Amino acid sequence: MDLPDSAVRHLQARRLRSGDGLVLFDGTGGEYTATLVDLQRRRAQARIDAHTPREAEAPVAVTVLQGISKGERMDYAMQKATELGVARIIPVISERCVVRLDSERWAKKQRHWQAVAIAACEQCGRNRIPSIDSPCSLETGLAEVDGLPGVIFDTEGDRAARDLKPTEQLATLIGPEGGLAPEEIQRVADLGWQRIRLGPRILRSDTAPVAALAVIQTVIGDLG
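Quick note on this note's numbering: the sequence shown kicks off at 256 and runs consecutively.
Given below as structure tokens:
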């Protein structure tokens, strides 16, 4: 089978040769052991040898509604959230979001973030790719997770992380650089989301999803 261009560049950077072993995945679960049979400047071919039903998914499927931030902060958030087992990321344009783009540029951003998630899967040995939605308003994002239990982490939370209960699915909301507006915090509280204390320090928009997912995975996931 022919390998995609991104894989060709990776194989060349690793200086692999014909006959070297590979591990491939298609993003839907399991992985394939394979052998590199041909590597040229713009093309690579591999032979599939066997399928291995290995899984690396967490027992809780977490959807992160991530407030959109500037620059590389979103890339970092996407990368680390993928490494920590996020199932789905919904980039949301919240009240204090300063990034404003037209629909074409938003679509380009979404494709870029999906590529970041794929690269993170390759690095961390994860064989199911999390879904990265198109950017949307906070209300649209909340509608997407309607019916899921939700938590929000903040310095004024009235619950401790140990109060998290085991669940198969969970949603959480992370603000952009300027944080969430009080009305947005109240909005999710009105939906019945738990407010979990995440220490007395205010975290950056790219640190917050890492901390939140680490807490979730430690208490009810597979890091504990």
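We put the beta carbon where it would ideally sit given N, CA and C, even for glycine.
Owing to the predicted nature of the structure, the values given are computational and were not obtained by experimental measurement.
- Under DSSP, Asp257 shares a beta bridge with Gln300.
- Distance check between Ala305 and each of Ala289, Leu478, Val319 places Ala289 closest, using alpha-carbon atoms only.
- In the three-state reduction of the DSSP assignment, Glu286 falls in the strand class.
- With fewer than 16 other Cβ atoms inside 10 Å of its own Cβ, Pro437 counts as exposed.
- Pairing Val400 with Leu478, the inter-Cα distance amounts to about 24 Å.
- The C-alpha of Gln295 is placed about 56 Å away from the C-alpha of Gly447.
- Checking the DSSP bridge columns, you'll see Ser392 partnered with Ile348.
- Val406 is classed as buried because its beta carbon has at least 16 other beta carbons within 10 Å across all chains shown.
- By the Cβ neighbour-count rule, Val347 is buried, with 16 or more other Cβ atoms within 10 Å of its own.
- As the crow flies, the alpha-carbon of Ile373 is around 20 Å from that of Arg298.
- Residue burial annotation: Met256 is exposed, with fewer than 16 other C-beta atoms found within 10 angstroms of its C-beta.
- When the Cα atoms are used, Tyr331 and Asp275 turn out to be separated by approximately 32 Å.
- Taking a C-beta distance under 9 Å as the contact criterion, Gly322 and Leu435 qualify as a contact pair.
- Taking a C-beta distance under 9 Å as the contact criterion, Ser460 and Glu432 qualify as a contact pair.
- Here Leu356 is exposed, its C-beta having fewer than 16 other C-beta atoms within 10 Å.
- Inside the segment 413-478, DSSP marks whole alpha helix (DSSP H) runs of 4 or more residues at positions 437-445, 463-474, from first to last along the chain.
- Counting of Cβ neighbours within 10 angstroms places Gln378 among the exposed residues, the total staying below 16.
- Cβ atoms of Gly476 and Asn382 stay farther apart than 8 Å, at about 17 Å.
- Nearest neighbour of Pro385 by Cα position, chosen from Ala467, Ala469, Arg270, Ala313, turns out to be Ala313.
- For Thr337, the enclosing alpha helix (DSSP H) starts and ends at 328-338.
- By the C-beta density criterion, Thr427 is buried, having at least 16 other C-beta atoms within 10 angstroms.
- Boundaries around Val371 are those of the alpha helix (DSSP H), 358-379, since no beta strand (DSSP E) includes it.
- Beta-bridge annotation (DSSP): Phe280 is not paired with any residue.
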